[in-house]
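Below: the structure, in structure tokens.
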Amino acid sequence: MSADAAPTGDQPRREAAVGGGERERGTGTLRTLLWAQTKKRLLLMYRYPLNTLTGLAMTFVFFGVIVFGGRAVAGQALTDSLGGIIVGYFLWSTAIGAFSGVARSVTQESEWGTLEQLYMSPFGYGRVMIAGIVVGLLESFAWGGVTLAFMLTITGKALHLPVATVAVLTVLAVAPAVGLGFFFGGLALVYKRVENVFNIMQFVLVGLIAAPTAGVFWVRLLPITQGSYLLTRSMQQGLRLWELPVGEVGLLVGTAVAYFGLGYAVFQWMGARARRQGLMGHY
Amino acid sequence: MTTAPERVSGEREAAAGGGDVSADTDPALSVRGLSKTFGDGDEAVRAVDDVSLDVGPGTVVGVLGPNGAGKTTLIKSILGLVVADEGDVRVAGADMYDDQRSAYARVGAMLEGARNVYWRLTVRENLEYFAAIGGESPPAVRDRHDALLDQLSLTEKADTPVNDLSRGQKQKVSLACALARNVDVAFLDEPTLGLDVESSVDLRREIRRLADQERMTIVLSSHDMDVVQEVCDRVVIMRDGEVVADDAVSDLVDVFRMFAYRVVVQRSDDATGAAETAGGGADPIDDDARERLRETYEVGAFERRGDRVAFEVTLGDPEGLYDLMDALRAADLVVQTVESVDPDLEEVFLELTNGEGSVAAARADGGDSQ
Chain A
80 MSADAAPTGD QPRREAAVGG GERERGTGTL RTLLWAQTKK RLLLMYRYPL
130 NTLTGLAMTF VFFGVIVFGG RAVAGQALTD SLGGIIVGYF LWSTAIGAFS
180 GVARSVTQES EWGTLEQLYM SPFGYGRVMI AGIVVGLLES FAWGGVTLAF
230 MLTITGKALH LPVATVAVLT VLAVAPAVGL GFFFGGLALV YKRVENVFNI
280 MQFVLVGLIA APTAGVFWVR LLPITQGSYL LTRSMQQGLR LWELPVGEVG
330 LLVGTAVAYF GLGYAVFQWM GARARRQGLM GHY
Chain B
169 MTTAPERVSG EREAAAGGGD VSADTDPALS VRGLSKTFGD GDEAVRAVDD
219 VSLDVGPGTV VGVLGPNGAG KTTLIKSILG LVVADEGDVR VAGADMYDDQ
269 RSAYARVGAM LEGARNVYWR LTVRENLEYF AAIGGESPPA VRDRHDALLD
319 QLSLTEKADT PVNDLSRGQK QKVSLACALA RNVDVAFLDE PTLGLDVESS
369 VDLRREIRRL ADQERMTIVL SSHDMDVVQE VCDRVVIMRD GEVVADDAVS
419 DLVDVFRMFA YRVVVQRSDD ATGAAETAGG GADPIDDDAR ERLRETYEVG
469 AFERRGDRVA FEVTLGDPEG LYDLMDALRA ADLVVQTVES VDPDLEEVFL
519 ELTNGEGSVA AARADGGDSQ
């Protein structure tokens, strides 16, 4: 037997029942799965209203502290770099949402006792997670958009907003954060209590987004850094995707795919290890 | 009964229970040589040891065993949630390890009791979600959900968040979610744990209905012998990772039946008259008679009840009952009642899991000859 074979495929089949004629099942598709994840997420947000609203409020308050506190301390210097701060903050809040959406969901589902149910989906646990991530990214973009509007309003700053370019660059910039989420989610499958790592990641992401890219090539190979650089250029200079250097975009795509793929591979590997050690349902 | 554990053979498995595997019916669940060891070296623990089972459609199988016997690891290994070291599992023909996606389309499981569901979602929202991730379009199984809610007395709670339900109701929601789509085999780990009587009865009734009407195969683990004895067609008893018995509940009880009887006697009128002449108030069975009975038979304690005495006696074979009657008559005793003392599943379980008993030994002792 190949012990670690993961479920694959995109649509459950209709099969004959054993010893009892045709057993009807399996009319759902990936769209069904995506809709189910979206509905669950929306319902949980609605049923945990305080959590949802305080999360958004904290994002606004934290930004206010940075801008107004920074102005008091750094004055004109902060005003000059406000555009970069707004873009960086938008990217940070989106990346945190994407990272947490993956990493925390593993520990949450484990605590709720539903992780094994998700694992037993005929769609495959990977697809269930990815559907959840797609929903999480959309949610992150929504909150990121609201946060961006808030930031532009209170600072009076104007930025270029080529929507398609910003959307594509943000997805590619955030993909490594999703990969990191998979990585730490995988660790959580085996080691369970890794919440402190999640908290540290908030600061690590700030460092990655703010890392200086000029003249130091290897820094651009770090997760999110290249995305942050290109997104800032696009939104401050009004550059569209095709107006950006091909090599720069290629590097962004390369780091996005590499970190996402690496994180997903680690997640699958740790999942197989958790199953070998009988840890899947532990919390 | 001191022999080593011995599994009941596949021949008996085929004969066990109402819906078991026959030559022309494929098993709904087939497990072959499943083994799982945790840890290495001196600390290695053999949690599941070479377990094989075939279960036919519409059969309810109870998995019993003391804590640490390997019940949960067996179920999770069958489900691929714990990767077995050796062995094969097929669910309704699909290989659990090589074609997991197809296998998961055929199974539902309730593994964490009331924790198996989202407490902030309503009952119906949970059903729809678990149907969807199980590969079923929720509108297509709406009728099934209505029927499940009705059977489990949850219709009025359909739009209530699970968090607001009682423990028993949460447990029922968990069961309903495991069955939210049409599956061939359902695994239920301690489905009645912590339930009140009414909820437990509802659950038992629903489990039987699913097996009898929907031909669903159900594997349940439980510490509640009453549930297993009432609901299951067949029982698998585990000890130290091994299956030490696998048979129909009634057959297992038969194997451990030991020709035990509860006898109530009274002194004959003649003997009573003589005793009264001699001073009266004497024990219905005098010391000599007790001693002779103890020398000849395996007799339990004598309980005096007014002018009567009750005791339990275990005989070597049913014919011994005639000899006992003669012995009692010789002691001037009149038999008032004789009742056969049948073991229940709990006694069988204790016999098999206390480290001494085995089905083979019980059969050799003659229990199977009845």
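As you go down the protein sequences, you meet chains A and B in turn.
When the first sequence is numbered by this note's numbering, its final residue is 362 and no position is left out of the sequence of numbers.
When the second sequence is numbered by this note's numbering, its final residue is 538 and no position is left out of the sequence of numbers.
Note that the Cβ used here is the ideal one computed from N, Cα and C, for glycine as well.
Where residue i falls, given that 16 or more other Cβ within 10 Å makes a residue buried
i                 : result
GLY100 of chain A : Confidence at GLY100 of chain A is low in this model, with a pLDDT of 43, below 50, so its placement is unreliable and no value can be given for it.
TYR272 of chain B : buried
ASN350 of chain B : buried
SER219 of chain A : buried
VAL247 of chain A : buried
SER537 of chain B : Its pLDDT being 38, under 50, SER537 of chain B is placed unreliably by the model, and the measurement read from it follows with that caveat. The residue in question, SER537 of chain B, is exposed, as its Cβ has fewer than 16 Cβ neighbours within 10 Å.
MET137 of chain A : exposed
ILE279 of chain A : exposed
ALA293 of chain A : exposed
SER342 of chain B : buried
VAL253 of chain A : buried
GLU507 of chain B : exposed
GLU181 of chain B : For GLU181 of chain B, the pLDDT reaches just 39, beneath the cut-off of 50, and the residue's location in the model is therefore unreliable, although a value from the coordinates is still provided. Buried, because 16 or more other Cβ atoms sit within 10 Å of the Cβ of GLU181 of chain B.
ILE175 of chain A : buried
ARG269 of chain B : buried
ALA96 of chain A  : With a pLDDT of only 39 at ALA96 of chain A, under the threshold of 50, the placement of this residue in the model should not be trusted; the figure read from the coordinates follows. Buried is the call here.
ARG110 of chain A : exposed
TRP297 of chain A : exposed
ALA353 of chain A : buried
GLU322 of chain A : exposed
ALA260 of chain B : buried
PRO225 of chain B : buried
ARG473 of chain B : exposed
ARG175 of chain B : For ARG175 of chain B, the pLDDT reaches just 34, beneath the cut-off of 50, and the residue's location in the model is therefore unreliable, although a value from the coordinates is still provided. Buried, because 16 or more other Cβ atoms sit within 10 Å of the Cβ of ARG175 of chain B.
Closest Cα partner of residue i within the set the options
i                 : options                                : result
MET384 of chain B : B:VAL353, B:LEU420, B:SER367, B:SER305 : B:VAL353
THR328 of chain B : B:ALA498, B:ALA495, B:LEU289           : B:LEU289
GLY265 of chain A : A:ARG355, A:LEU331, A:LEU112, A:GLY342 : A:GLY342
ILE164 of chain A : A:VAL181, A:LYS236, A:ILE209, A:GLY180 : A:LYS236
ILE209 of chain A : A:ALA221, A:THR234, A:PHE229, A:PHE178 : A:PHE178
ALA498 of chain B : B:ASN350, B:ARG435, B:LEU483           : B:ARG435
ARG272 of chain A : A:THR186, A:THR244, A:TRP321           : A:THR186
ASP364 of chain B : B:LEU461, B:LYS340, B:CYS345, B:GLY336 : B:GLY336
TRP114 of chain A : B:GLU507, B:GLU374, B:VAL213, B:ALA299 : B:ALA299
ARG355 of chain A : B:THR227, B:VAL219, B:TYR265, B:SER198 : B:TYR265
PRO195 of chain B : B:ASP494, B:GLY207, B:VAL229, B:THR205 : B:VAL229
GLY263 of chain B : B:ASP415, B:ALA344, B:VAL199           : First, the residue type needs correcting, since residue 263 of chain B is Asp and not Gly in the sequence shown. When only C-alpha atoms are compared, the closest one is B:VAL199.
ASP408 of chain B : B:GLY209, B:ASP217, B:ILE453           : B:ASP217
ASP394 of chain B : B:VAL223, B:PHE206, B:LEU232, B:VAL213 : B:LEU232
TRP222 of chain A : A:MET124, A:LEU330, A:LEU323, A:GLY340 : A:MET124
VAL487 of chain B : B:ALA237, B:LEU501, B:TYR465           : Per the sequence shown, residue 487 of chain B should be read as Glu rather than Val. Taking only the C-alpha atoms, the option nearest GLU487 of chain B is B:TYR465.
SER203 of chain B : B:LEU197, B:ASP253, B:ASN331           : B:ASP253
VAL213 of chain A : A:THR234, A:GLN116, A:LEU301           : A:GLN116
Contact belief for residue i with residue j at Cβ below 8 Å, rounded distance in angstroms
i                 : j                 : result
VAL399 of chain B : ARG377 of chain B : Between ARG377 of chain B and VAL399 of chain B the Cβ distance is about 11 Å, and since that is not below 8 Å, they are no contact.
GLN196 of chain A : ASN284 of chain B : 6 Å
GLY205 of chain A : GLN347 of chain A : 7 Å
ASP357 of chain B : LEU279 of chain B : 5 Å
THR334 of chain A : PRO255 of chain A : 6 Å
GLY162 of chain A : LEU238 of chain A : 6 Å
LEU320 of chain A : THR226 of chain A : Contact doesn't hold; Cβ gap of about 23 Å is too wide.
VAL433 of chain B : ILE405 of chain B : Not really, about 37 Å apart at Cβ, beyond 8 Å.
LEU268 of chain A : GLY350 of chain A : 6 Å
ILE301 of chain B : VAL207 of chain A : 6 Å
PHE277 of chain A : PHE263 of chain A : 7 Å
LEU397 of chain B : SER367 of chain B : Inspection of the sequence shows that residue 397 of chain B is occupied by Gln rather than by Leu. Not quite, the Cβ-Cβ distance comes to about 19 Å (not below 8 Å), so this is no contact.
Contact set between residue i and chain A, taken where Cβ atoms lie within less than 9 Å
i                 : result
THR241 of chain B : GLY357
GLY474 of chain B : Result: empty, since nearest Cβ-Cβ is about 58 Å, beyond 9 Å.
PRO359 of chain B : Within 9 Å Cβ-Cβ: nothing; PRO359 of chain B doesn't reach chain A, min ~14 Å.
LEU461 of chain B : Per Cβ cutoff of 9 Å: no residues; LEU461 of chain B is ~54 Å from chain A at best.
PHE479 of chain B : In chain order: nothing, as chain A lies at least about 50 Å away.
VAL275 of chain B : MET199
PHE427 of chain B : Per Cβ cutoff of 9 Å: no residues; PHE427 of chain B is ~39 Å from chain A at best.
Per-residue contacts from residue i into chain A (C-beta, under 8 Å)
i                 : result
SER334 of chain B : Residues of chain A passing the Cβ test: none, with the nearest at roughly 18 Å.
Neighbouring residues, chain B, relative to residue i (Cβ below 8 Å)
i                 : result
VAL367 of chain A : Lying outside 80 to 362, the shown extent of chain A, residue 367 of chain A is not represented and no answer is given.
TRP191 of chain A : ARG283, TYR286, TRP287
ARG126 of chain A : ARG288, LEU289, PRO329
Listed by chain order, chain A residues near residue i by CB distance under 7 Å
i                 : result
LEU279 of chain B : GLU195, GLY360
Contacts that residue i makes with chain B (C-beta to C-beta distance below 7 Å)
i                 : result
ALA115 of chain A : TYR297, ALA300, ILE301
Practice item. With 8 Å as the C-beta to C-beta threshold (strictly closer), list the residues of the segment 222–251 of chain B near chain A in chain order. Key: Here the close residues are GLY224, PRO225, GLY226, THR241, LYS244, LEU247, GLY248, LEU249, VAL250, VAL251.
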